[in-house]
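Numbering (my numbering), first residue to last: 6 to 173. Working notes, beginning with the structure itself.
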């Protein structure tokens, strides 16, 4: 199933770019059933962009055109403030569904979770293709069906039966 609604991916570009490249590889492979519309592919922002205001303006435009956000949570993600924390804060402000993919394999919120999204209505999954695919297909509609009171109930995760059904 193709996800035609753009997904905005947040990650530590220095430490966790490998995971982002994995996802792009899954997406590009004809032999793998994983497709997503990558919001970062919509507008080519030069890597030479050094002006923080310019970068944030372009990232804001990309996120405004996105339907959900995927945060790749690595070991140092919670310590990043300049862009990564700002992006997560923007996603919360825009009321976008957020999927947190734990690079350490955790199926739920753990100590690696950045404080800005800790105990928020964010679904946490392991960095596994099938788990991410399931969350992309289901979490946005699940999130939008929740009332504001239900969204205040904190972090979410999928149960063992979901992972069993996914073969994980």
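Backbone N, C-alpha and C fix where the C-beta goes; we use that ideal spot for every residue, glycine too.
query                                                                                                                               : result
Should residue 48 go down as buried or exposed, given a rule of 16 or more other Cβ atoms within 10 Å for buried?                   : Confidence in residue 48 is poor, its pLDDT being 49 and thus under 50, which makes the residue's placement too unreliable to answer from.
Can you tell me whether residue 83 is buried or exposed, with buried defined as 16 or more other CB within 10 angstroms of its CB?  : buried
Buried or exposed: where does residue 6 fall if 16 or more other Cβ atoms within 10 Å of its Cβ makes it buried?                    : Residue placement at residue 6 cannot be trusted, given a pLDDT of 42 that sits under 50; the coordinates are not used to answer.
Between which two residues does the alpha helix (DSSP H) containing residue 137 stretch?                                            : 134 to 150
Should residue 105 and residue 129 be called a contact, given that it needs their Cβ atoms to be closer than 8 angstroms?           : yes
Return the CA-CA distance between residue 26 and residue 109, expressed in angstroms with no decimal places.                        : 17 angstroms
Over the uninterrupted alpha helix (DSSP H) stretch that includes residue 63, give me the two end residues.                         : 57 to 69
With a cut-off of 8 angstroms on the beta carbons, I'd call residue 173 and residue 136 a contact; round off their distance for me. : 6 angstroms
So the candidates are 169, 124, 146; which of them puts its Cα closest to the Cα of residue 157?                                    : 124
Would you identify the three-state DSSP class for residue 166, choosing helix, strand or coil?                                      : helix
Using the C-alpha atoms, what's the distance from residue 92 back to residue 19?                                                    : 16 angstroms
Would you call residue 38 buried or exposed, if buried means 16 or more other Cβ atoms sit within 10 Å of its Cβ?                   : exposed
Do residue 145 and residue 71 have their CB atoms nearer than 8 angstroms?                                                          : no
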